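Residue numbers (this note's numbering): 7 to 372. Here's the structure we're looking at; comments come further down.
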Amino acid sequence: EKGGYEHFMIKEIHEQPKAIRDTLTRRIVADSDEIVLDDIKLTAEDLKNIDKIYIVACGTAYHAGLVGKYVIEKLARIPVEVDIASEFRYRDPIINERTLMMVISQSGETADTLAALREAKNRGARVIAITNVVGSSVAREADDILYTWAGPEIAVASTKAYVTQLIAIYIVALYLARLNGKMTVEEYRVIRDELLKLPEKAEEVLNRKEEIQKFAAKNYGHKDIFYLGRGLDFAVALEGALKIKEISYIHAEAYAAGELKHGPIALIDKGVPVIALATQEDLFEKMVSNIKEVVTRGAKVLGVAFDGHEDIEKVVDQTVYIPKTLPLLAPVLSVIPLQLLSYYTAVERGCDVDKPRNLAKSVTVE
Ligand code: M6R
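Right, dumping it as structure tokens:
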């Protein structure tokens with residue numbers, strides 16, 4: 007059942023190229039300018055009456071939502087607020103019929119996410135669900151659905167569900183942007199063509215896993231790891247930190263790199279591993295300055311950058327390169343080295359990778 011792999015997690019990491027392809031299939035099609043979404047009925051007229059989007063989820067799905075804010079605001083120019091479901095439901099959120107609510111849940115059964123969905127519906131909002139489970143509670147109660155086609159995810163640590171949530175977010179963002187006229191067909195085609203190349207590029211990242219394995223073998227004994235990034239890289243940094251905490255029990259923190267000086271840099275000491283994501287081209291130089299700040303204090307830095315950005319080697323100890331894509335789509339590729347890092351680190355530490363302590367795959371209680 008593990009298809010020759012030692013753990014479900016590593017099997018599922020390797021299933022990502024297929025999961026990405028399956029989630030795009032029939033919806034985003036080469037040479038076609040149509041986005042086909044069978045279970046989303048929202049019309050251009052409906053969208054005219056929407057002035058705000060809320061994305062609500064837990065854990066990894068929340069991290070996908072953070073990418074969603076960036077992508078939807080950029081493409082569809084609609085303000086987006088992202089919230090953790092257990093916070094959202096208890097804070098008397100400002101929602102009405104002009105709010106579009108998007109919930110993201112792999113299982114479709116997370117108690118807090120479901121409660122947030124119900125709260126939003128009670129207050130008149132329309133709800134779009136992104137979920138991996140057909141017929142789940144979230145799918146049954148939402149107005150519109152976009153299924154991720156990740157297939158069953160067994161490992162507690164979410165991997166292929168996350169990348170397919172990202173793909174679903176790009177699809178919705180493109181759909182909204184076409185619907186409200188914020189995106190030209192030419193702009194659409196550029197993103198469409200790049201999206202369709204992602205399965206192959208994800209495969210390429212997987213082929214480069216030895217680099218990560220080496221880093222894990224050298225660093226698995228540390229007590230703390232820091233993840234830094236700016237913009238979309240920060241959203242991915244948060245997911246990387248969660249992944250390593252969950253399965254290898256190493257304390258990890260993610261920071262927006264510009265925040266370092268405001269406190270966390272005090273934690274950087276000789277030999278502390280730092281994972282620095284530097285895929286966002288317009289922020290690359292800023293990231294390089296932040297990397298220098300931690301290197302000066304003795305950090306050991308693993309950089310994640312696009313092919314062609316070899317200049318990063320001047321400041322980091324080791325680099326993992328990912329194939330070039332649009333910066334907007336980078337999270338789909340840059341998260342893979344971070345998933346592999348947590349996997350190999352957990353294996354080195356002898357942890358129970360697929361069933362980490364204290365965690366359940368689906369959190370159906372509050
Ligand atoms: O099924 P859901 O997507 O609603 O689950 C949400 C979180 O419980 C889940 O993503 C959790 O954070 C994972 N274990 C992360 O790897």
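We put the CB at the ideal spot given by N, CA and C, even for glycine. Being a predicted model, the structure only gives us computed values, none of them experimental.
Reference residue i, options the options, closest by Cα
i: H13; options: E87, I318, C357 and V369; result: C357
i: I250; options: I231, G264 and K224; result: I231
i: A148; options: E159, V133, P158 and V294; result: V133
i: D150; options: K188, I26 and D52; result: D52
i: V307; options: E299, I281 and I218; result: I281
i: T29; options: T66, A247 and Y176; result: Y176
i: L273; options: M107, Y233 and G309; result: Y233
i: V178; options: A131, S113, M107 and A163; result: M107
i: V278; options: A305, R146, K292 and A163; result: A305
i: I328; options: R33, A117 and E206; result: E206
i: T154; options: I297, K224, L120 and T31; result: T31
i: A36; options: K203, V211, V300 and N225; result: K203
i: A174; options: I78, G314 and S38; result: I78
i: N213; options: G10, P23 and G9; result: P23
i: M63; options: L185, D89, S143 and N225; result: According to the sequence shown, residue 63 is Ala rather than Met. Closest by alpha carbon: D89.
i: Y374; options: V300, I100, K224 and A263; result: An answer regarding residue 374 cannot be provided, because it is not within the stretch 7 to 372 covered by the chain.
i: R355; options: E252, I100 and S143; result: E252
i: K215; options: E40, V326 and K8; result: V326
i: A262; options: G227, M293 and I318; result: M293
i: L182; options: I19, I318 and L48; result: L48
i: I101; options: I84, I41 and I59; result: I59
i: L201; options: R27, L123 and V310; result: R27
i: A208; options: A25, E7, R33 and Y11; result: A25
i: H228; options: R195, E210 and K276; result: K276
i: D39; options: A121, R184 and E18; result: R184
i: A311; options: K8, Q219, E372 and V211; result: V211
i: A372; options: L120, Q219, Y11 and D313; result: In the sequence as displayed, the identity of residue 372 is Glu instead of Ala. Of the listed residues, the one whose Cα sits closest to E372 is L120.
i: H315; options: L283, R303 and E299; result: L283
i: I160; options: E7, I34, E319 and E299; result: E7
CA-to-CA distance, residue j to residue i, given in whole angstroms
i: D98; j: T370; result: 22 Å
i: P61; j: D323; result: Note on residue identity: the sequence assigns Ile, not Pro, to residue 61. If I take the Cα positions, the gap works out to 37 Å.
i: L180; j: R95; result: 28 Å
i: A126; j: F221; result: 44 Å
i: K330; j: T285; result: 9 Å
i: T105; j: L332; result: 30 Å
i: L346; j: I16; result: 8 Å
i: A352; j: D288; result: 34 Å
i: I197; j: L81; result: 10 Å
i: H268; j: A50; result: 43 Å
i: A366; j: G65; result: 12 Å
i: K166; j: H69; result: 14 Å
i: D44; j: A131; result: 21 Å
i: V242; j: E217; result: 19 Å
i: V109; j: D57; result: 17 Å
i: K361; j: E193; result: 43 Å
i: R363; j: G187; result: 48 Å
i: V191; j: I297; result: 38 Å
i: P343; j: E21; result: 14 Å
i: S92; j: E115; result: 14 Å
i: L335; j: V341; result: 11 Å
i: V301; j: A247; result: 20 Å
i: M189; j: V162; result: 38 Å
i: Q112; j: A67; result: 7 Å
i: D118; j: S368; result: 11 Å
i: E245; j: E103; result: 32 Å
i: R83; j: N55; result: 14 Å
i: S348; j: D317; result: 26 Å
i: P270; j: A145; result: 40 Å
i: S164; j: V338; result: 14 Å
Limits of the alpha helix (DSSP H) - the one that residue i falls within
i: Q345; result: A336 to E354
i: S143; result: S143 to E147
i: A70; result: G65 to A82
i: E103; result: Where E103 is concerned, there is no enclosing alpha helix (DSSP H), given that its DSSP letter is neither H nor E.
i: K127; result: A117 to N128
i: P23; result: Q22 to L30
i: N296; result: F290 to T302
Test: residue i CB closer than 8 Å to a CB of chain D
i: A247; result: Among the protein chains of the structure shown there is no chain D, as only one such chain exists.
Near the ligand NAP: residue i beta-carbon under 7 Å from a heavy atom
i: E18; result: The ligand content of the structure shown is limited to the ligand M6R, which means the ligand NAP is not among them.
Residue range of the beta strand (DSSP E) that includes residue i
i: P279; result: P279 to L283
i: V88; result: V86 to I90
i: Q324; result: Q324 to I328
i: R132; result: R132 to T137
i: K54; result: Note, K54: premise wrong, no beta strand (DSSP E); alpha helix (DSSP H) at A50 to K54.
i: K306; result: K306 to F312
Cβ pair count under 8 Å reaching 3, the segment 73-91 against the segment 253-263: no
Every unbroken alpha helix (DSSP H) within the segment 148-183, with a cutoff of 4 residues, ordered by chain: none
The segment 168-178 in contact with the segment 132-145 per 3-pair CB rule at 8 Å: Flag = yes, the segment 168-178 and the segment 132-145 touch.
Three or more C-beta pairs below 8 Å linking the segment 232-240 and the segment 288-299: yes
Minimum length 3: unbroken beta strand (DSSP E) runs contained in the segment 199-279: 230-235 and 257-262
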